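Step one of this worksheet: look at the structure below.
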Amino acid sequence: MNVLVINCGSSSLKYQVINSDSEEVLAKGICERIGIDGRLVYQPEGGEKEITDAPMPTHTEAVRMVLDALVNPKTGVLKDLDEIEAVGHRLVHGGEKFASSTLIDDEVIKAVDECSELAPLHNPANLIGVRACQEVLGDVPMVGVFDTAFHQTMPKEAYLYGIPYEYYEKYKVRKYGFHGTSHSYVSKRAAEILNKPYDSLKTIVCHLGGGASICAVKNGKSVDTSMGLSPLEGLIMGTRSGDIDPSAVEYIAKKENLDLDGILNVLNKKSGVQGMSGVSSDFRDLDEAVSKGNDRADAARNAFCYRAAKYVGSYAAAMNGVDVICFTAGVGENDGVVREKICSYLGYLGIEIDKEANKARAEEIILSTPDSRVTVMMVPTNEELAICRETVALVK
């Protein structure tokens, strides 16, 4: 089965076509600057990357351009559109309505739209992608795979906030968590690599990138995660503040004369390691700045690692132990310094990092020494493949 995987943002559309039998990526790319001017990046497997600048007033035009590229007689990977047998959509927030992936119909679209209050930057954009594909592909079955679904197994003590319970009852204000597709894929893949039953392990997944979260997976189920009602809670990230005293937010807002939208803009887009360092949200830039003696960049990187180590420690306590710690995503897969700094706090767990193995980048590898009591791994995430698998399971 050929599955088109769509990850739609407000002005972008990432895509892959995956053959589910071989799990080979036939083609991939992105549509950028939708609604501005438009650019299609298309790369068939084993072929050269093609870039086409063309008007994309809406996501519908973007989807059409993607499909045209896929069936192009010269570089297309499909003979015709009938070879696309299903579409898998990344949907960010499913609230408490969706504890698993689901076939998309009008009722599902309505329910996802109702969750838009909880993810105003993401859900509307995701639904634009769904509707655009429906318009162009007609009756091809479509599946929604939710970032929040994997975390619906969290117990109440993990997801309730210390606020009046009526706010949960009336407005569903609680921790939801994100990156669920990645946390699920990586924790399952780690069990496969180690040849151990998934439901026998206590695993902590560190999804570290521009957006970052940590998840405790006990016996195959998410029992806690660092992101909350929104992706703002938890770790220090590229541009997001992570955990912060609400009174500090009020104090800054008054001092800077910022309204609610203004202060949220600061916390989401001007904070994190970028705001702390004054250099960049990109850890490659931070590492370079640290090597040149930039103290603020060094402090920002150290704070990021310290906060991550604290979450790992708290989740080891929450699960009453830990068997496996996995690093994944852009920073987790490529920054050995960050991995080593985080693990330097975890000696009490019997962890020792193999310095030679830790030089690896973006590959499946065990990073800990053979005598470590906890296995530390790097497992590259593959959310598109996870979405493909979920889609095929539901469509079949």
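Following my numbering, the numbering of the sequence shown begins with 35 at its first residue and continues without gaps.
Beta carbons are placed, not taken as given, at the ideal position from N, Cα and C, and that holds for glycine.
Quantities reported herein were computed from a predicted structural model and do not represent experimental measurements.
Where does residue i sit, in a helix, a strand or coil, going by DSSP?
i: S275; result: coil
i: V431; result: Past the edges of the chain, shown from 35 to 430, lies residue 431, and the structure says nothing about it.
i: D87; result: strand
i: E58; result: strand
i: H241; result: strand
i: S256; result: strand
i: E151; result: helix
i: T215; result: helix
i: E390; result: coil
i: I385; result: coil
i: M412; result: strand
i: A25; result: What the structure shows of the chain is the stretch from 35 to 430, and residue 25 is not part of that stretch, so it cannot be assessed.
i: S406; result: coil
i: G355; result: coil
i: T136; result: strand
i: G63; result: strand
i: I399; result: strand
i: Y210; result: coil
i: K304; result: coil
i: G81; result: coil
i: L380; result: coil
i: D293; result: coil
i: S264; result: coil
i: I270; result: coil
i: N299; result: helix
i: K230; result: coil
i: I143; result: helix
i: K222; result: helix
Beta-carbon separation of residue i and residue j under 8 Å?
i: G366; j: C240; result: yes
i: N481; j: V313; result: As shown, the chain starts at 35 and ends at 430. That puts residue 481 outside it, with no answer to give.
i: T92; j: H185; result: no
i: N416; j: R395; result: no
i: I68; j: A103; result: no
i: V346; j: L301; result: no
i: G163; j: H127; result: no
i: V413; j: S402; result: no
i: N157; j: C167; result: no
i: G433; j: S315; result: The requested residue 433 is not part of the displayed model; the chain covers only 35 to 430.
i: G43; j: A159; result: yes
i: A120; j: V179; result: no
i: I227; j: E386; result: no
i: Q77; j: A88; result: no
i: A331; j: S348; result: no
i: E424; j: V177; result: yes
i: K236; j: G355; result: yes
i: N392; j: G370; result: yes
i: A282; j: I297; result: no
i: L266; j: S256; result: no
i: A420; j: T215; result: yes
i: L74; j: G81; result: no
i: V251; j: F317; result: no
i: E66; j: E79; result: no
i: I238; j: I359; result: yes
i: Y195; j: K209; result: yes
i: L161; j: L263; result: no
i: D357; j: V307; result: no
Got a sec, what are the start and stop residues for the alpha helix (DSSP H) residue i sits in?
i: R442; result: The requested residue 442 is not part of the displayed model; the chain covers only 35 to 430.
i: Y195; result: Segment: none, Y195 is in no alpha helix (DSSP H) and carries neither H nor E.
i: F338; result: D329 to A352
i: V313; result: Note, V313: premise wrong, no alpha helix (DSSP H); not H, not E.
i: V358; result: Premise fails: V358 lies in the beta strand (DSSP E), V358 to T362, not in any alpha helix (DSSP H).
i: K375; result: G370 to C377
i: G110; result: Taken as a continuous stretch (DSSP letters only), G110 belongs to no alpha helix (DSSP H), as it is neither H nor E.
i: M188; result: Per DSSP, M188 belongs to no alpha helix (DSSP H) and is neither H nor E.
i: I421; result: E417 to V429
i: D102; result: H93 to L104
i: Y202; result: Y199 to Y205
i: Y285; result: P280 to E290
i: N157; result: N157 to L171
I'd like the span of the beta strand (DSSP E) that includes residue i, first residue to last.
i: K48; result: L47 to N53
i: V39; result: N36 to C42
Per DSSP, which one or two residues make a beta bridge with residue i?
i: M176; result: V121
i: A250; result: I238 and D258
i: G366; result: Answer is none; G366 lacks a bridge partner.
With 8 Å set as the bound, which would you pick, yes or no: does the beta-carbon of residue i sit closer than that to a beta-carbon of chain D?
i: S150; result: This model lacks chain D altogether; it includes just one protein chain.
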